[in-house]
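Visitor: In my numbering, the protein residues as written are -16 to 222. I have a structure here, written as structure tokens, and I will follow up with some questions on it.
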Amino acid sequence: MNPADVAQAAPVVHDMSLFGLFWQAHFIVKLVMIGLLGASVWCWAIIIDKTLLFGRTKRAMDRFEEVFWSGQSLEELYRSLQGRNPAGLAAVFLAAMREWKRSFEGSGRSFQSLSQRIDKVLDVTIQREVERLESRLTVLASIGSAGPYIGLFGTVVGIMNSFTSIAASKSTSLAVVAPGIAEALFATAIGLFAAIPAVLAYNKLHSQVGKLQSRLEGFADEFSAILSRQIDERIALAA
């Protein structure tokens, strides 16, 4: 038998391992896989960072509330926090106290609409804190929604490559199309691997942001009421 005929008749061996599927894939499918794997790593970095951040924020809020309601004077607490860069409830407290002290200290005493100004400062500070907590969560939402479609794009390219192989070999044998289909489905699997944790983590972390925001708003309402009573008392004494 002619050696060329033997070589032509010999079956082509395909590596069906995960690495083999990646290495033998079309270059566009490879780019899709690499992009999705990079997105998955990025997602997990955000998930870990946010989980640690929310844990620290919650513990800091617990410590601050314990000190705030311990009976310590507002002035002492304000002085102990000055010069720091606190977050959460401490940031809300400091913002309101700065506005309070600007109104009562100095040559003039601006009682007019002080409560409204404090409420405005509290709202702005809460919004800033929520934005800090929510930062990069949109990345999880974007990857969670776009990941399956990006993987599907790789699947379409892989299947098109399989049909091209059929046309080139003029054979409908499953051995000809199976590697390409496997590569295509592998791209879909990587897309789901990136998207599913991103969606689950986004829902969980977004829910935690809502809880922390409610806690900030609740403290702001209570603190605003305390300051409002003191404003009324000082206005009554000044009258």
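By construction, the Cβ of each residue, glycine as well, lies at the ideal position given by its N, Cα and C atoms. Only a predicted model underlies this, so the values are computations on that prediction, with no experimental measurement involved.
Counting along the chain, where does the alpha helix (DSSP H) carrying ARG100 start and finish?
Guide: Where ARG100 is concerned, the enclosing alpha helix (DSSP H) stretches over 97 to 117.
Visitor: Please name the residue, chosen from GLU216, TRP27, GLY18, VAL12, that lies closest to ARG119 on a Cα-to-Cα basis.
Guide: Nearest C-alpha to ARG119: TRP27.
Visitor: Whole angstroms is fine: what's the gap from GLN(-9)'s alpha carbon to LEU168's?
Guide: With a pLDDT of 45 at GLN(-9), under the threshold of 50, the predicted position of this residue should be treated as unreliable, though the coordinate-derived value follows. GLN(-9) and LEU168: Cα-Cα distance of roughly 28 angstroms.
Visitor: In this structure, how does DSSP classify ASN68 when only helix, strand and coil are distinguished?
Guide: Three-state result, ASN68: coil.
Visitor: Using CA atoms only, rank isn't needed, just tell me which of LEU195, ARG67, LEU135 is closest to VAL15.
Guide: Comparing Cα-Cα distances from VAL15 to each of LEU195, ARG67, LEU135, the minimum goes to LEU135.
Visitor: Go through its chain and collect everything with a Cβ distance to VAL113's Cβ below 6 angstroms, but skip five positions before and after it.
Guide: Here the set comprises GLN196.
Visitor: Do SER190 and GLY163 count as a contact pair if the criterion is CB distance below 8 angstroms?
Guide: No, they are not a contact pair.
Visitor: Within the continuous alpha helix (DSSP H) that includes GLY54, where are the two ends?
Guide: Unbroken run through GLY54: none, as it is neither H nor E.
Visitor: Going by other Cβ atoms of all chains shown within 10 Å of its Cβ, with 16 needed for buried, is ILE31 buried or exposed?
Guide: Classification of ILE31: exposed, given that the 10 Å Cβ count is below 16.
Visitor: Report yes if the C-beta distance between LEU105 and ALA124 is below 8 angstroms; otherwise report no.
Guide: No.
Visitor: Comparing alpha-carbon positions, which option in ALA73, GLY38, GLY193 lies nearest PHE202?
Guide: Comparing Cα positions, the closest option is ALA73.
Visitor: Does PHE47 pass the burial test, meaning 16 or more other C-beta atoms within 10 Å, or should it be called exposed?
Guide: Result: buried.
Visitor: Measuring straight from C-alpha to C-alpha, what distance separates ILE214 and MET44?
Guide: Near 26 angstroms, if we compare the C-alpha coordinates of MET44 and ILE214.
Visitor: Output the distance between the C-alpha atoms of ALA165 and ASP204, rounded to the nearest integer angstrom.
Guide: Using only the alpha carbons, I get a separation of about 58 angstroms.
Visitor: Going by CA-CA distance only, name the one from ALA150, PRO131, PHE206 that's closest to PHE176.
Guide: Checking every option, the nearest Cα to that of PHE176 belongs to PRO131.
Visitor: By a C-beta neighbour count over all protein chains shown, 10 Å radius and 16 as the cutoff for buried, is PRO(-6) buried or exposed?
Guide: Unreliable placement is indicated for PRO(-6), whose pLDDT of 48 sits below 50; the coordinate value is still reported in the next sentence. Burial call: exposed.
Visitor: Would you tell me roughly how many angstroms separate the C-alpha atoms of VAL12 and VAL139, rounded to the nearest one?
Guide: So the alpha carbons of these two residues sit roughly 9 angstroms apart.
Visitor: Helix, strand or coil: how does DSSP classify MET(-16) here?
Guide: Caution is warranted here: a pLDDT of 45 is assigned to MET(-16), below 50, making its placement in the model unreliable, and the coordinate value is therefore given only provisionally. Of the three classes helix, strand and coil, the one that applies to MET(-16) here is coil, per DSSP.
Visitor: Taking the CB atoms as reference points, tell me whether LEU116 and VAL182 lie closer together than 8 angstroms.
Guide: In this structure, VAL182 does not lie closer than 8 angstroms to LEU116 by Cβ.
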